[in-house]
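Asks: Taking this note's numbering, the leading residue of the sequence shown gets 73, the next gets one more, and so forth.
From the three backbone atoms N, C-alpha and C, an ideal C-beta is built for every residue, glycine too.
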Amino acid sequence: MLSVFPIDLKSDTVTKPSAAMRKIMSEAEVGDDVYGEDPTVALLERTAAKLLGKEAALYVTSGTQGNLVSLLTHCVRGDGALVGKDCHILNYEGGGLAVLGGIVPLQVDDAKSLPSIEALELATPAKGNVHYAQAKLLCVENTHNRGGGHASTPQEVALRVEWAHKNGLSVHMDGARLFNATVALGVTPAEMTKGVDSVQICLSKGLGAPMGSLICASRDFIDRARYWRKKVGGGLRQAGIVAAAGLYALENNISRLKDDHDNAALIKDELQKGGLRISEVARPTNMVYFSAKSEAEADKLLAACRTREVIFNKTAPDTFRLATHLDVTREQAETAATVIVEEYRKLG
Ligand SMILES: *Cc1c(COP(=O)(O)O)cnc(C)c1O
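1) Just verifying my parser: in three-state terms, what is the DSSP assignment at R309?
2) Let me check understanding here. Comparing Cα to Cα, which of K208, H237 and T260 lies closest to T225?
3) Can we count Q310 as close to ligand 1, meaning its CB is less than 8 Å from some heavy atom?
4) Is it the case that the CB of H160 approaches a heavy atom of ligand 1 more closely than 8 Å?
5) With a threshold of 16 other CB atoms inside 10 Å of the CB of N139, please say whether the residue is buried or exposed.
6) What runs of the alpha helix (DSSP H), each 4 residues or longer, lie entirely inside the stretch 192 to 239?
7) Based on the DSSP secondary-structure assignment, which residues constitute the bridge partners of R349?
8) Take R118 and list the residues in its own chain whose beta-carbon comes closer than 8 Å to its own, dropping the five residues that flank it on each side.
9) Taking 8 Å as the line, does the beta carbon of G135 fall inside it for any heavy atom of ligand 1?
10) Measure the alpha-carbon distance for T112 versus M93 and round it to whole angstroms.
11) Closest to K95 by C-alpha separation, out of G125, V314 and H244, would be which residue?
12) Start and end of the alpha helix (DSSP H) containing H146?
13) What is the residue span of the alpha helix (DSSP H) that N252 lies within?
14) So who's on the other strand from Y107, going by DSSP bridges?
15) What's the call for K199, buried or exposed, on a 16-neighbour Cβ count within 10 Å?
16) Quick one: measure Cβ to Cβ for L257 and G318, integer angstroms, because I've assumed they're closer than 8 Å.
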C-alpha cells in the first residue's frame, strides 16, 4: 500500500503537475510568444480574460511579476499606492514596487482582509500638497494570505472600488487565490472582480500548475503592461508548454478547491479539539493558522511533526500556518491532524 507520508502542508505552491497535466503540456502547440505567435498562450489569455469578465489578459511568470507589472502600468515614479499593512505586495515581494518602480507604498490598516473606508481615508495623503506622494492606486488582496485565507465578498470589494474611483484612484486586486474566494462564497470570478481595474491570478497555487500567473484588465491596460513585462524579463518564447498547464488548471482544478477548504476545516476542528489555539477566520478557505503556548513549545512541535513527515511552517515565533491543496487527500488531512494533536499532547 502506498504511504500517506510525507504530508506537505507548508504551502499550496508545493503541488506537482499531474500525469494528465504533463500529457497536455507535452502535446501543446507552441510558437514564439514575444512575437505573439504562441497559440496556447493566446488561448490561455483569452480563457482567463473571459472567466474574469475583462477584455484581455497577459501571461506572466509569477504572481510577484504579475503584481509588479500591474503596479508599474498603473503608476509612474513617485506615485503612491495604498497597500494593506499585511498584504503580500508589501511584505513578501522584496519591496519591488519601490525598488524597481519608484512607487511609494502608502500603508493602510487592512485588518487582515480589506481596509475599511475610514482606514483608507486616514491613509490617503491630502491632495494637492507637495509634501505628499499622491495616491494613484489601491491594492486589495483576496483571499487574504496573512489574514488566514479570509475570503472577502464581491459587495465588500465593490465598496472599496467605489471609494477608490470616486477619489480618482485605480484598483489592483492581488487575486493569487481569487478562486479560493469565489468557490468558498459561491460567486463567479467576474462578480468578484467587477469594477476592479486589474487583477492578478496565480496558476501555481491551489490550481496546481507548475508556474505562471495572469494579469486580467482592459485591452489598453494589457497593451501597456506587455511593455513592462518585457522590461522585467517576462517575455517568454515557446511558453505554450507551461501555458497548457495553466489552461488545464483553469478547466479542471477550480471547483475542486472546495475539497481543500473541507480538508482545512477538518484539520482546524481536530486541532481545536486537541487543545491547540486556532486563529479564527470569518470566511475561511484552504489555510489554518494555529499556535502553541510558547516559542519553545512551537519549535518542539514543529520538529516532532517533521520527524513524522507532517510538514508545515511557522509564521511567527509561536504561530504556524498550514495550507491544504490538491496533492493532499482527505485521508492525509485526517492523518496530519492526528499526528499534530498526538505530538502536541506529548508536550504536556
Ligand atoms: C503567492 C502569492 C503571490 C506571489 O506569487 P508568486 O507566484 O509566488 O510570485 C502574490 N500574492 C499572494 C497573496 C500570494 O499568496
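Replies: Well, looking at it:
1) coil
2) T260
3) no
4) yes
5) buried
6) 226 to 238
7) S363
8) A129
9) yes
10) 14 Å
11) V314
12) G135 to H146
13) L250 to L257
14) According to DSSP, which records beta bridges pairwise, Y107 is partnered with nothing at all.
15) exposed
16) In fact, because the Cβ distance is near 23 Å, the residues do not count as touching under 8 Å.
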